[in-house]
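Student: Take this structure first; my questions come after.
Numbering (this note's numbering), first residue to last: 135 to 201.
Written as structure tokens, this is what we have:
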């Protein structure tokens with residue numbers, strides 16, 4: 135099963151990964167990170183297809199995709 139890991143400390147909450155995820159499995163975290171920003175979060179229980187769009191579009195390179 136594929137999935138993603140998001141580095142919350144590096145994420146600046148730009149929401150590009152939310153826009154580019156073809157399945158809509160990324161949302162914003164309710165809590166703020168150390169910088170006071172809402173960060174991206176993978177929706178639990180979702181089945182990622184490992185297309186890597188989120189990782190490719192992330193300007194901070196904080197998303198890791200695994201299969």
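Note that the Cβ used here is the ideal one computed from N, Cα and C, for glycine as well. Bear in mind the structure is a predicted one, so any value in this text is a computation, not a measurement.
So, with DSSP's three-state summary, where would you put residue 154?
Tutor: Sequence index remark: in the chain shown, residue 154 carries index 20 (1-based). Three-state result, residue 154: helix.
Student: DSSP puts residue 174 in a beta bridge; with which residues?
Tutor: Your numbering for residue 174 matches position 40 in the chain shown. Its beta-bridge partners are 162.
Student: Going by beta carbon distance, what residues of the same chain come within less than 6 angstroms of residue 139, once the five residues before and after it are set aside?
Tutor: Taking the chain shown and counting its residues from 1, one reaches residue 139 at position 5. Cβ within range, chain order: 198.
Student: Beta-carbon separation of residue 166 and residue 160 under 9 angstroms?
Tutor: Translated into positions along the chain shown, residue 166 becomes position 32. Translated into positions along the chain shown, residue 160 becomes position 26. No; because the gap between Cβ atoms is not below 9 angstroms, this pair is not in contact.
Student: Beta-carbon within less than 6 angstroms of residue 184's beta-carbon, same chain only, minus the 5 sequence neighbours each way: which residues are those?
Tutor: Taking the chain shown and counting its residues from 1, one reaches residue 184 at position 50. Closer than 6 angstroms at the Cβ level, and outside the excluded window around residue 184, lie 136, 199 and 201.
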